[in-house]
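Residues 9 to 303, numbered by the working numbering, are exactly what the sequence shown covers, in order.
For glycine and all other residues, C-beta sits at the position ideal for the given N, C-alpha and C.
One structure is given below, encoded as structure tokens.
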Amino acid sequence: MEETTHRTIGNTSISIGNPWLFFAVTFAITWGFWLAAIVLEVRFDSAAGLLLLLIGLVGPGAAGIGFVYLVYDDRGRADFWDRLKQVRRIGVRWFLVILSLPLVVTVTAAVTSMLLGGSGATWGQGVQEFGVNPLALLPALFFATLPPLLEELGWRGYALDRLQMNWSALTASVLLGVVWAVWHLPLFFVAGSFQREEVGFATLGFWLFMIGIVALSVVFTWVYNHTSRSILGIILLHGWINFVSETIEVGDVFYYSHWVLLAVILTAIWGAATLTKTDEVPRPPPRRDHDRRYG
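And the structure:
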């Protein structure tokens, strides 16, 4: 995959391929609608609030697709859609990893919780009410499908490649994880959102949530770099993590700490440089002038 001719913003030296430009556009789209919900004092569980939530969710994916078409040539654009459609990039082995990872982390966190005197795992509200009201499972299905798709078209579909051109896999993952975590901030101030109603701003749960997202970013990069940069694989992983966490609940301290522990273990085993056993991460080849900076 090669980039189009090196392009900058106006008369500046800022390359259009700079990932921070992508982040700025993404935040402008998402926060524009989510901050509007705060100003208008609408709830996300209302029709108007749900509409603002959904349009805001489009931000990473819309920006990701837009920048792919701005930065890369025809082969690069085709590669983007191939990474979204091609199941063979994942393979049986990594599909099993994706399927088992959230379950292993959740069960291990639950066992640790019980050993330390905690409540272990409980069924989520949707599961508890499913027998009486099958629609109670809809929130879990929503969080397992639409948000992962709309987010990962941008976060891993575009931004991670750009970051890994200049930083190690670990550093790129942490940078992306911090941005990804901060992106969620407005949700903590919108009535009706999970973040405000169940977590709260600046609480222990808030910090665990933010740190957990950074840890997940490392895990996602580990899977991404092992599956030939599969966007589909990451969407499946993101969605399955969301579904499992919605249906099997474990205390935040135990749940998020185990994702952090997993990120540390993966880095220790596979190395911070690539999070793989290879010396180079799979990424778009350099431009024709071999400039590996943001191009």
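With a Cβ-Cβ cutoff of 8 angstroms, do residue i and residue j count as a contact?
{"i": "Ala223", "j": "Ala271", "result": "yes"}
{"i": "Leu177", "j": "Thr229", "result": "Here the sequence assigns Ala to residue 177, which means Leu is not the residue at that position. Yes; because the gap between Cβ atoms is below 8 angstroms, this pair is in contact."}
{"i": "Leu168", "j": "Leu65", "result": "no"}
{"i": "Phe52", "j": "Ala45", "result": "yes"}
{"i": "Ile22", "j": "Ala71", "result": "no"}
{"i": "Ala152", "j": "Trp248", "result": "yes"}
{"i": "Pro68", "j": "Trp163", "result": "yes"}
{"i": "Pro147", "j": "His246", "result": "no"}
How long is the line joining the alpha carbons of residue i and residue j, rounded to whole angstroms?
{"i": "Val113", "j": "Tyr263", "result": "8 angstroms"}
{"i": "Thr13", "j": "Gly132", "result": "Low local confidence applies: a pLDDT of 46 at Thr13 is under 50, so the model's placement there is unreliable, with the coordinate-based value given in what follows. Near 51 angstroms, if we compare the C-alpha coordinates of Gly132 and Thr13."}
{"i": "Thr286", "j": "Leu161", "result": "25 angstroms"}
{"i": "Leu274", "j": "Ile221", "result": "16 angstroms"}
{"i": "Gln94", "j": "Gly165", "result": "13 angstroms"}
{"i": "Ser253", "j": "Val186", "result": "21 angstroms"}
{"i": "His192", "j": "Leu154", "result": "16 angstroms"}
{"i": "Leu269", "j": "Val261", "result": "12 angstroms"}
{"i": "Thr282", "j": "Ala276", "result": "11 angstroms"}
{"i": "Ala210", "j": "Phe202", "result": "14 angstroms"}
{"i": "Leu85", "j": "Val76", "result": "Sequence check: residue 85 is Arg here, not Leu. Cα to Cα, Arg85 sits roughly 6 angstroms from Val76."}
{"i": "Arg204", "j": "Ile63", "result": "19 angstroms"}
In three-state DSSP terms, what is residue i?
{"i": "Ile22", "result": "coil"}
{"i": "Trp175", "result": "coil"}
{"i": "Ile98", "result": "coil"}
{"i": "Glu257", "result": "strand"}
{"i": "Thr351", "result": "Residue 351 falls outside the range modelled here, since the chain spans only 9 to 303, and no answer is possible."}
{"i": "Thr130", "result": "strand"}
{"i": "Thr229", "result": "helix"}
{"i": "Thr16", "result": "strand"}
Problem - Touch test, the segment 93 to 109 against the segment 224 to 243, Cβ-Cβ under 8 angstroms, three pairs minimum - result: yes
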